[in-house]
Amino acid sequence: MYDVIIIGGGPCGLAAGIEASKAGLSHLILEKGSLTESIRRYPKMMRFFSTAENIEIGGIPFPIAGVKANRNEALQYYRKVAGYFNLNFKLFTEVNHVTRYAPTGDEGDQNEELFTVFTTNGQTYQSRKVILATGYFDKPRSLQIPGEDLPHVTHYYDEPFQYSYTNVVIVGASNSAVEAALELYRADAHVTIVHRADDFRKTVKYWLVPDVKNRVKEGKINTRFSTCVTRIEPGKVCLTNLQTGEENELPADFVLILTGYIPDAELLKECGVELNPETQVPVYDKETFETNVPGLYVCGTVMAGIYTEKVFIENGREHAKAIIDHLTGKPVRKVAELIERI
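Quick note: the sequence shown, position 120, residue 120 per the numbering used here, numbers continuous.
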C-alpha cells in the first residue's frame, strides 16, 4: 500500500515523486516506457524553448554551457535527478485503468476510499492517492484521412538523414514542423510544408521564424498554405486549396504529419475522470488539481485537453507542489496561472 502512485515518468511525474518524497510519503511512479520517454522520442537535435532553469525540478540546478538545453542534456539531467532523490519507479509498465474501493481491516481509514491501479501486464498496485501525469505525446492528432496509416507516413520525427534526397511532405506549421523542415532541407531532402492556415503558427520559436521564412523565399523549402491533405497514397499526397477549391497532387516518398498531440482521453475516462466533451479538458480543482474523483489528481500537460500549448514543463512542474500540499493537509501553495506562448 503506497501513499501515492504517480502514473507517468516524465518531468512532471518526477516532480510529483520528488515532492512526495520530501513530504515523507511512500510513492511509486509507473511509466509505460523508459524514464522521460517523451523526451527520449523528441527529435535528436531538438533544443527546448524554455531556458534551463525553467525546466529544473526538485530545486536541483540544471547546468549547461548555453542557455537552452537540448534533448540529450535534458535526458541526462532528469535521469540524474531521479537517482539523486532515489525515486521509486517501475518502467515499461503501462496502466490501463484505476478503480476506487472501500478499505478493509488494517488498510486505513474506513471513511476514505483507496485505489487499485491496473496494468496491461496483469499486475495491480494499491495506494491512498493517485496522480495522473501522463502528458500527451502518445496520442497524435489524427487527420482522419485515407492513407494515414500507410508505412511511409508517421506522426513522429527523430532525425533527418534517412530522408536525404527524397520528397518529404510535412503537414503542419508549428514548432515541430518548422524544425523538421529546416533539418531536412539541410540534409538534402526536398521539403514541402502543407498547412491549413495562411502562414506559420504564431507560436513558432522566434529564432526559427526568420530562418524558415528566408528558406521559403529562396525556394529551398516549398509551402502550400491554405491547403489541406485529403488523401495519402503510395508516392503522393492529394491536396485541396481551401480558398479556391483547386485539387492537385504532390510527390511524397515520406509524409510527416506533425500536427500535434493530445492527452489520452480514454485513460482518463477509465480512471473515472470527467472530460469537457468539446475541449477534452478534465474536471479538476484549479488550486489543488484534484479531479472529480476524490483523491485522484492531474499534474502537467495531461490536464490541457486540446490546449496543449498552454501547459508545459515550465508550469506543469509546479502542479506537484500544490497536489502534495493538498493530499497531506497543508496550506496549498499557489501555482502560477497558465500562460500562452508568445
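Glycine residues also receive a C-beta, built at the ideal position from the N, C-alpha and C atoms.
Quick caveat: nothing in here was measured; it's all calculated off a predicted structure.
Note down the Cα distance separating residue i from residue j, rounded to an integer number of angstroms.
i, j, result
"Lys-334", "Gly-66", "31 Å"
"Glu-73", "Ile-60", "14 Å"
"Met-303", "Ala-102", "27 Å"
"Ser-142", "Tyr-284", "26 Å"
"Thr-259", "Ser-176", "8 Å"
"Leu-267", "Asn-86", "28 Å"
"Glu-274", "Asn-292", "7 Å"
"Ala-23", "Asp-325", "9 Å"
"Glu-247", "Gln-144", "18 Å"
"Phe-289", "Gly-316", "11 Å"
"Leu-150", "Leu-327", "46 Å"
"Arg-79", "Glu-218", "42 Å"
"Asn-88", "Gly-17", "8 Å"
"Val-117", "Pro-43", "32 Å"
"Pro-294", "Lys-310", "25 Å"
"Asn-241", "Lys-205", "27 Å"
"Val-95", "Pro-140", "19 Å"
"Cys-271", "Thr-99", "6 Å"
"Ile-6", "Gly-122", "18 Å"
"Glu-340", "Lys-202", "Only weak support is given to the placement of Glu-340: the predicted model assigns it a pLDDT of 44, under 50, and the value that follows is read from those uncertain coordinates. Between Glu-340 and Lys-202, the C-alpha separation is close to 11 Å."
"Asp-188", "Gly-235", "18 Å"
"Lys-330", "Leu-75", "32 Å"
Closest by CA to residue i, which one among the options?
i, options, result
"Phe-137", "Gly-272, Ile-39 and Tyr-297", "Ile-39"
"Gln-243", "Leu-250, Ala-252 and His-195", "His-195"
"Thr-223", "Val-169, Asp-149 and Tyr-261", "Val-169"
"Ala-20", "Lys-44, Ala-181 and Val-130", "Val-130"
"Glu-56", "Val-178, Ala-15, Met-46 and Ala-23", "Ala-15"
"Val-281", "Asp-264, Ile-6 and Phe-115", "Asp-264"
"Glu-113", "Val-4, Arg-201 and Gly-305", "Val-4"
"Thr-279", "Tyr-77, Phe-118 and Ile-262", "Ile-262"
"Glu-237", "Tyr-77, Lys-139, Lys-330 and Thr-192", "Per the sequence shown, the amino acid found at residue 237 is Val instead of Glu. Of the listed residues, the one whose Cα sits closest to Val-237 is Thr-192."
"Gly-135", "Phe-115, Leu-182, Tyr-307 and Lys-202", "Tyr-307"
"Cys-228", "Pro-11, Ala-173, Val-209 and Phe-289", "Ala-173"
"Cys-12", "Pro-43, Ala-133 and Gly-83", "Ala-133"
"Val-209", "Val-98, Thr-230 and Ala-181", "Ala-181"
"His-152", "Leu-184, Arg-186 and Glu-233", "Glu-233"
"Asp-211", "Tyr-185, Arg-231 and Gly-235", "Tyr-185"
"Ile-313", "Ala-69, Gly-329, Lys-269 and Val-171", "Ala-69"
"Glu-148", "Arg-231, Phe-62 and Tyr-2", "Arg-231"
"Leu-25", "Asn-214, Ser-127 and Gly-305", "Ser-127"
Return the bridge partner residues of residue i from the DSSP annotation.
i, result
"Phe-161", "Paired residues: none, contrary to the question."
"Lys-236", "Glu-233 and Pro-251"
"Leu-30", "Ile-7 and Lys-90"
"Ile-126", "In the sequence as displayed, the identity of residue 126 is Gln instead of Ile. The partner list for Gln-126 (beta bridge, DSSP) reads Thr-116."
"Leu-296", "Val-130"
"Pro-61", "Bridge partners of Pro-61: none, in fact."
"Ile-257", "Val-171"
"Asn-241", "Thr-227"
"Glu-290", "Tyr-297"
Please report the residue range of the alpha helix (DSSP H) in which residue i lies.
i, result
"Asp-264", "Unbroken run through Asp-264: none, as it is neither H nor E."
"Pro-251", "Run containing Pro-251: none in the alpha helix (DSSP H); it sits in the beta strand (DSSP E), 247-252."
"Lys-213", "209-217"
"Arg-100", "No alpha helix (DSSP H) contains Arg-100, which is instead part of the beta strand (DSSP E) from 95-101."
"Val-81", "71-84"
"Arg-40", "37-40"
Grab the span of the beta strand (DSSP E) containing residue i for me, first residue to last.
i, result
"Glu-233", "227-233"
"Val-169", "167-171"
"Ile-193", "190-194"
"Asn-222", "222-224"
Let me check you understand the geometry: is the CB of residue i closer than 7 Å to at least one non-hydrogen atom of the ligand SAH?
i, result
"Thr-166", "You won't find the ligand SAH in this model; it holds no ligand whatsoever."
Touching by the beta-carbon criterion (3+ pairs, under 8 Å), the segment 146-160 and the segment 24-31: no
Sufficient close CB pairs (3 or more, under 8 Å) joining the segment 161-172 to the segment 42-59: no
At least three beta-carbon pairs within less than 8 Å, the segment 310-330 to the segment 282-301: yes
Three-pair Cβ contact test at 8 Å for the segment 252-259 versus the segment 210-224: no
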